[in-house]
Structures are given as C-alpha cells and as structure tokens.
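Residue numbers (the UniProt record's numbering), protein chains in the order written: chain A, 1 to 242; chain B, 1 to 242; chain C, 1 to 242.
Ideal Cβ placement from N, Cα and C applies to all residues, glycine included.
Accompanying notes for the structure given below.
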Amino acid sequence: MPDTYVLVHGAWHTGAEIEAVAEVMREAGHTVLCPTVAGNRPGDDRATTGLAQAIDSIVAFIEEKNLSNVRLAGHSYGGMVISGVADRIAARLKRLVYINAFVPLDGESLNDMVPPHYVAMFDAIAGAGNNAVNLPFEIWRDAFINDADMVTAQAAYAKLNPHPYATFTDKIKLSQPLAALALGKSYVNCQQDIALPHSMPWHPRLSERLGLFRLVECPGSHEMFFSNPKRLAQAILEAGRD
Amino acid sequence: MPDTYVLVHGAWHTGAEIEAVAEVMREAGHTVLCPTVAGNRPGDDRATTGLAQAIDSIVAFIEEKNLSNVRLAGHSYGGMVISGVADRIAARLKRLVYINAFVPLDGESLNDMVPPHYVAMFDAIAGAGNNAVNLPFEIWRDAFINDADMVTAQAAYAKLNPHPYATFTDKIKLSQPLAALALGKSYVNCQQDIALPHSMPWHPRLSERLGLFRLVECPGSHEMFFSNPKRLAQAILEAGRD
Amino acid sequence: MPDTYVLVHGAWHTGAEIEAVAEVMREAGHTVLCPTVAGNRPGDDRATTGLAQAIDSIVAFIEEKNLSNVRLAGHSYGGMVISGVADRIAARLKRLVYINAFVPLDGESLNDMVPPHYVAMFDAIAGAGNNAVNLPFEIWRDAFINDADMVTAQAAYAKLNPHPYATFTDKIKLSQPLAALALGKSYVNCQQDIALPHSMPWHPRLSERLGLFRLVECPGSHEMFFSNPKRLAQAILEAGRD
Numbered sequence: 001m002p003d004t005y006v007l008v009h010g011a012w013h014t015g016a017e018i019e020a021v022a023e024v025m026r027e028a029g030h031t032v033l034c035p036t037v038a039g040n041r042p043g044d045d046r047a048t049t050g051l052a053q054a055i056d057s058i059v060a061f062i063e064e065k066n067l068s069n070v071r072l073a074g075h076s077y078g079g080m081v082i083s084g085v086a087d088r089i090a091a092r093l094k095r096l097v098y099i100n101a102f103v104p105l106d107g108e109s110l111n112d113m114v115p116p117h118y119v120a121m122f123d124a125i126a127g128a129g130n131n132a133v134n135l136p137f138e139i140w141r142d143a144f145i146n147d148a149d150m151v152t153a154q155a156a157y158a159k160l161n162p163h164p165y166a167t168f169t170d171k172i173k174l175s176q177p178l179a180a181l182a183l184g185k186s187y188v189n190c191q192q193d194i195a196l197p198h199s200m201p202w203h204p205r206l207s208e209r210l211g212l213f214r215l216v217e218c219p220g221s222h223e224m225f226f227s228n229p230k231r232l233a234q235a236i237l238e239a240g241r242d
Numbered sequence: 001m002p003d004t005y006v007l008v009h010g011a012w013h014t015g016a017e018i019e020a021v022a023e024v025m026r027e028a029g030h031t032v033l034c035p036t037v038a039g040n041r042p043g044d045d046r047a048t049t050g051l052a053q054a055i056d057s058i059v060a061f062i063e064e065k066n067l068s069n070v071r072l073a074g075h076s077y078g079g080m081v082i083s084g085v086a087d088r089i090a091a092r093l094k095r096l097v098y099i100n101a102f103v104p105l106d107g108e109s110l111n112d113m114v115p116p117h118y119v120a121m122f123d124a125i126a127g128a129g130n131n132a133v134n135l136p137f138e139i140w141r142d143a144f145i146n147d148a149d150m151v152t153a154q155a156a157y158a159k160l161n162p163h164p165y166a167t168f169t170d171k172i173k174l175s176q177p178l179a180a181l182a183l184g185k186s187y188v189n190c191q192q193d194i195a196l197p198h199s200m201p202w203h204p205r206l207s208e209r210l211g212l213f214r215l216v217e218c219p220g221s222h223e224m225f226f227s228n229p230k231r232l233a234q235a236i237l238e239a240g241r242d
Numbered sequence: 001m002p003d004t005y006v007l008v009h010g011a012w013h014t015g016a017e018i019e020a021v022a023e024v025m026r027e028a029g030h031t032v033l034c035p036t037v038a039g040n041r042p043g044d045d046r047a048t049t050g051l052a053q054a055i056d057s058i059v060a061f062i063e064e065k066n067l068s069n070v071r072l073a074g075h076s077y078g079g080m081v082i083s084g085v086a087d088r089i090a091a092r093l094k095r096l097v098y099i100n101a102f103v104p105l106d107g108e109s110l111n112d113m114v115p116p117h118y119v120a121m122f123d124a125i126a127g128a129g130n131n132a133v134n135l136p137f138e139i140w141r142d143a144f145i146n147d148a149d150m151v152t153a154q155a156a157y158a159k160l161n162p163h164p165y166a167t168f169t170d171k172i173k174l175s176q177p178l179a180a181l182a183l184g185k186s187y188v189n190c191q192q193d194i195a196l197p198h199s200m201p202w203h204p205r206l207s208e209r210l211g212l213f214r215l216v217e218c219p220g221s222h223e224m225f226f227s228n229p230k231r232l233a234q235a236i237l238e239a240g241r242d
C-alpha cells in the first residue's frame, strides 16, 4: 500500500540533497516530499532564523498540502524539527522516523546533545560569521562521510549551505515527552555514523528517549544520502512501514 | 561431520516455531531436535508450571533419547532452561549456544535481567490472567520482530501461546557459575534485537557471564526464527561447530 | 592513484601472515610492504627484545627504503609499533590506520589496555617460558578467530611464533598525544573481534584517543588476516585512502 512520506533534511542541507533517496522510495510506490526547512532556503536570513521558525515552516508545509497519515522522517538536525512538528500536529501523522537524528527533551537544544568540543567550535565559527555555521571539510570527510571516496565527499560538500546557528542553540518547547505521543516511532541507525562519537552515540542514547520504538540499522555513515542513497531508502521504508 | 543439536525455544513459543531454522540446519547434514519445554505444550498448566519443571522436561528429553555430544542451544528464555540443563547433565553436552538468551547467575530469575518496566507490565498481565503472560502486539511488532513486514509479524504473533509466568520469576539453582563448566560456549547476537534495550543489552552484558565464549553476530531482530530462519541457521552452525 | 602502504603485523605473527591481505591490495594497484617487527623474526631473542627495538626496526625499514607519503597500518600489538614510529618520523607518513589495534597514551604499555585476567595469564606464561608468551589454543579459537572453521583456526595457529613479552610490558614514550599529530587517522573495527571483550572494547574506547579519525567497520574477528583477507583488504583501503 502506498504511503506518504515527508523527509526533513539535516543541517547544511536542503530538500534537494535528499532527492536521491526519495526517488528510490518513489520507485517503490510511495509519495515522498522533501521540503527545505526555513533557514536553509536560498535567501533565508541565516543570522536570525531560529528553531521555532524552522518547525513552523514544516507545519505550514504539511497543513497547506492538507496531508494526513504522514510518515514524518528527520535526519540529524531534522530530528529537532520533526519533534516540534509532531508536538503540534500529531493528528496528521502516522509514524515518526528518526534517521541518526536528535531526539530532544522539552527545553533542550541541539547543542545540549553534542560533545562540548563541537559546541566550542561552532560558537567560534558562528561568532566569526554572522551567526551562521559551516562544517570544516576535514571533519566532514572523516567523521560525516567516512564511507565515501574523496570525489563523492568533495562533490557533496560543495552542495552544503551555511546553517543558521540559532537553530542549534534554541531550546525546543514540547508539551509532552515524545515517548507519550500516540504515534509509531522508529529509529534508523547508520552503524558507522561517528558524527556523534560512539562514546556518546545516537543509538541507544537518543533513540531510547522515544519509549517503544522500532530499530532499523544499516551499514553506512552520517551522510548516506550521498554515499549510499539506495541502501538508506530501504532502511527508511523498513522503518516507516506499518 | 554431522553434529547433534537440541534447540530450546523462547517464551510464548513451542518447538514447532523453530522448525524452519532446524530444517536449514538439517540440510547441512546435522541432527536437530526441537522439543517443546514443559509449560508451553498444549494442555500444560500455565498457572503452576515453574522453571524447575521446564528444566526437568529438557533433561528428560535428552536422557530418554540417550543423546551425547549435544550442542544445546537456547533462545531468549531458553537460556534459563539450557543453563539449568547444563548444570545437571554437562557430561552429555559438547557446547552451549545462547541465542540472544538469558545467562543467569545462581539465584537469579529471568525477571532479574529485564528492565523494570517490563517486569511491572508482566506482573499486571499475570495478575489479571491466572499467572500466564502474553506479549502486547505493539511491543512484539516494534521491539521483537522489527525486521519483518506486518504480514509476517501478524502471522508469527498468531502462533504464540500464553507463557507460564512462574518461569520468569523463579530463581534458578546452579551448582557452579556457567563460566566454570568444562564445555564450549557460544553466544549468537542478532544485532537489531531490542527485546532488551541496547542500553541494557544481551551482549556483552549477559554473554560475558559465560567467561571464554565464541561470539557470532548476524543482522536481525529477536525473532529471526520467523523473519530470517536461513540466516539464523547459518549463525547457529557457526556458533555450534567445533 | 596508487598509494604506498606499510602493514605492521600483530603479536605472534610475522609479515608473512598478512601477505594474503597485501596481495588483494596490490591487485588494486597499490604498493604494500609487510616487514616483520624485531622480536618476531626467526632468530630474534624473545627474552630481551623490547618495545623500543620493535619500533626502531620499523623506523629503520621505512628510512632505509626512503619511503614517503606512507599509509602506515598496524594490527593489534602493531598499534603500539606504528604509534611509536609516527611519533618519530611523521614527516614520512600520510595517514595512520589502526586495525583493531592498541592506541597508547604516553607512558602506557599494551598490558595497561587489556583485561587483568589476560595480564595475569601472560605473566604466568612468560614466567614459565623465558619471557616469551604463547596464546592458548582455546582462546585463539573462540575469542580471536571466532569467525573461522576449525581447519582454518588450526592452520593459522600453527603459523604463530612465540612473542617477546617485554613488548607488552614496556611503556611507550610519545612526545605528544597521537591526536595532536598532523596526520590523517583511521580506525578499522572488525565487529566480532572479542580479543578484547566488548565491555572493554577496541572501539570507541581506544579509537577515540586518535581525536578526529575515520571509522571503517567490517564483519569479522580479530584474525581476518586468516579468516577473510579479501574483506579486510577492502576495509583497509577504505581506511587508508585520502
């Protein structure tokens, strides 16, 4: 049975960078939409866009299209966004799918879940760059897209856009714990993802905040959207199905 | 060289549900027996059957058939059973194979090794149901058989039988630590098994209680007997061989 | 583009035992050299050879051949050796590749990173055997080469040579933390490697001492040089490339 998916990209990305995954999912018969979150669109103000606006933009996207029974997936920073969306319009959703994504508690920011040395680095970059952040290439190459060759790593890096840092530092407001939401929940864990160090990992540290959830794992890095879109699409479909 | 295997099923199962795995192992030339443990057979009294009776039934099975050099494998709750059997008739055994199975210390119950919220849930179910327990479908689907599609999950669920709760609460008696038994020991870890949460996992938390043991891992959930019997059979053979 | 690799074997091995992996890497176009570390060569004095001599021998090997841009890989104990080499001749190196290898801090010995029961066992074996150590076959079979069949396990075991124990007990001298070296760093983690117990694992416990590093994982045991050289060669190439 065809399902409706909304895929929410991570920091530095737009919806365009996850089209390769979406296309594989569409070939399996599903409707897959890849909006770009406010703050990452061309022309958005990187200096001022915050987490609330980012969440608002995806709520508006789903409401304007009048979608229902949505399988809402978020990658990395996208976990902050879908968590806020689910807290607002759970009635339109069927299941949440976190893809090596942040799972916040009420009052937490993304930065509250990452190692202190990353926060210090981003603070410095944002301070020097009008409150927008970039990811240094050497971190991207070895810790984000460790499963790709250099050509793929460079080509993907060239597509990234500066990210509005307020979305990393803003605290999210949730009316109840995500575990309490009456929705299906899944977590896709790409096993060689060391964007967060494995001593402070995505799974089970963040995944288990979902309460009862379905685990799906696949080999790959944080950036399988570039390095292995076909395998990632399969994992998302196994996570999103009933 | 053909080996003799006895496979001991988990809670809510009977020997019939592991026949698909046994059949693959037989095709490789081995003798594979799948007895049903006392308490899970049709007509057994779910209200009163305890762990000692469960263990007795497998000891009797092996003795009546006069088996020797047995590779004795247990899945999940079956780990309690094979641990008790090994303590009684080690001379008839060659190697123990735990398949995402409980590895008890002397005086421990199965419930001593599971998260408190599961114990509370089972206490409530047993209290309402004549001391037998069932597993709610939503837990089965997302935490036990997360690697299967819905049709497989439902078909497998329909085969489960109510489980005698005393076998979860009875303390096992072991004359010595399992690590001290002069038998080979192996642990098969299905990597996406979140029947126990990965923050409180099967491996290495329970596997390392075996002392020197052989680790074999394969992708899959707690219920690969249904979702991928062929791959599980391969893992059991790699765990059970000399 | 062809790269130059130097592969440093683990304890009890010589360069000959990693030729099968090197051959696969050469077929991909690379230059791959497999020197035998001082202490493991025929005729070396097992009673007296220490860690400094082991390191010296690989420094000399690289200097005598006047190698540059070397991708220097070490397996297990070989991690001690390549760490010392990198501290001495970083200018000749491009990237360090640790393959389930020890990553020492300044002043640490290999024994400082292994479980106490292994240290006690090796102390006893060395005390009884002129300060050289062997690995008991049952540990080799179940904890080192758990992914192989018995024939492979026995054939590989027959090739091992007594290891000079001083290289396990000598403290390494490093002029700076490995994380501070201006070299690329990668860690290959063979996922079923329980030569170190998973409660005290290679990765992330030791890998994260490298600071920013690239993680590459593959299924297999500590001894994939024997059990699956082709797959290991692929992992080393993914770890060693730019």
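At a beta-carbon threshold of 8 Å, none of the residues of chain A lie near C/Leu96; the nearest stands roughly 12 Å away. For B/His163, DSSP records a beta bridge to B/Val133. Looking only at A/Leu105, A/Gly15, A/Ala90, A/Asp142, the smallest Cα-Cα distance to A/His222 is reached by A/Asp142. Sequence-distant partners of C/Ala90 (beyond 5 residues in either direction) whose C-beta falls short of 8 Å from its own C-beta, in its chain, are Leu181, Ala182, Leu183.
Contact check for A/Val70 and A/Leu93: beta-carbon distance about 5 Å, within the 8 Å limit, so the pair qualifies.
By the neighbour-count criterion, in which 16 or more other beta carbons inside 10 Å mark a residue as buried, C/Val151 falls on the exposed side. The way I'd put it, the segment 45–61 of chain B does touch the segment 151–167 of chain B; three or more beta-carbon pairs between them come closer than 8 Å. Contact of C/Gln192 with chain B is assigned, a C-beta pair being separated by under 7 Å. Within the segment 5–68 of chain A, the runs of alpha helix (DSSP H) that reach at least 4 residues and sit entirely inside it are, in chain order, 19–27, 51–64. Think of a sphere of 7 Å around the beta carbon of B/Pro204: the chain C residues whose beta carbon falls inside it are Pro197, His198, Ser199, in chain order. Around A/Ile125, the same chain offers Val133 as residues with beta carbons nearer than 6 Å, after the five sequence neighbours per side are excluded. For C/Asp3, not one C-beta of chain B is nearer than 7 Å to its own C-beta.
Assignment of A/His198 by DSSP, reduced to helix, strand and coil, places it in the coil class.
Of the candidates A/His13, A/Val24, A/Thr14, the residue whose Cα lies closest to the Cα of A/Ile236 is A/Val24. For the segment 136–149 of chain A, the beta-carbon criterion of a distance under 8 Å to any beta-carbon of chain C is satisfied by Glu138, Ile139, Arg141, Asp142, Ala143, Asn146, Asp147, Asp149.
Taking the C-beta atoms as reference points, C/Glu208 is found nearer than 7 Å to A/Pro197. Chain-order list of chain B residues neighbouring A/Val216: Asn146, Asp147, Gln192, by C-beta distance under 9 Å. The alpha carbon of B/Ala16 has as its nearest neighbour, out of B/Lys185, B/Leu72, B/Leu160, the alpha carbon of B/Leu160. Between B/Pro115 and B/Met1 the beta-carbon gap is near 42 Å, outside 8 Å, which marks them as no contact.
Counting along the chain, C/Val70 sits inside the beta strand (DSSP E) bounded by residues 70–75. The criterion of a C-beta distance shorter than 7 Å is not satisfied by B/Asn100 and B/Cys218. B/Tyr98 is bridged by DSSP to B/Gly74, B/Tyr187. B/Gly220 sits close to B/Asp147, with the two beta carbons spaced by under 7 Å.
A straight-line Cα-Cα distance of about 47 Å links A/Asp44 and C/Gly29. Residue environment: B/Asn66 is assigned as exposed (fewer than 16 neighbouring CB atoms within 10 Å of its CB, all protein chains considered). Within its own chain, the residues whose Cβ lies closer than 7 Å to the Cβ of C/Trp202, once the five positions on either side in sequence are excluded, are Asn100, Asn189, Asp193, Leu196, listed in chain order. The closest CA to that of A/Lys171, considering only A/Arg41, A/His9, A/Thr4, A/Ala54, is found on A/Ala54.
At least 7 Å separates the CB of B/Asp106 from every CB of chain C.
The DSSP-derived three-state label of A/Val85 is helix. The C-alpha of A/Leu33 is placed about 49 Å away from the C-alpha of C/Ile18.
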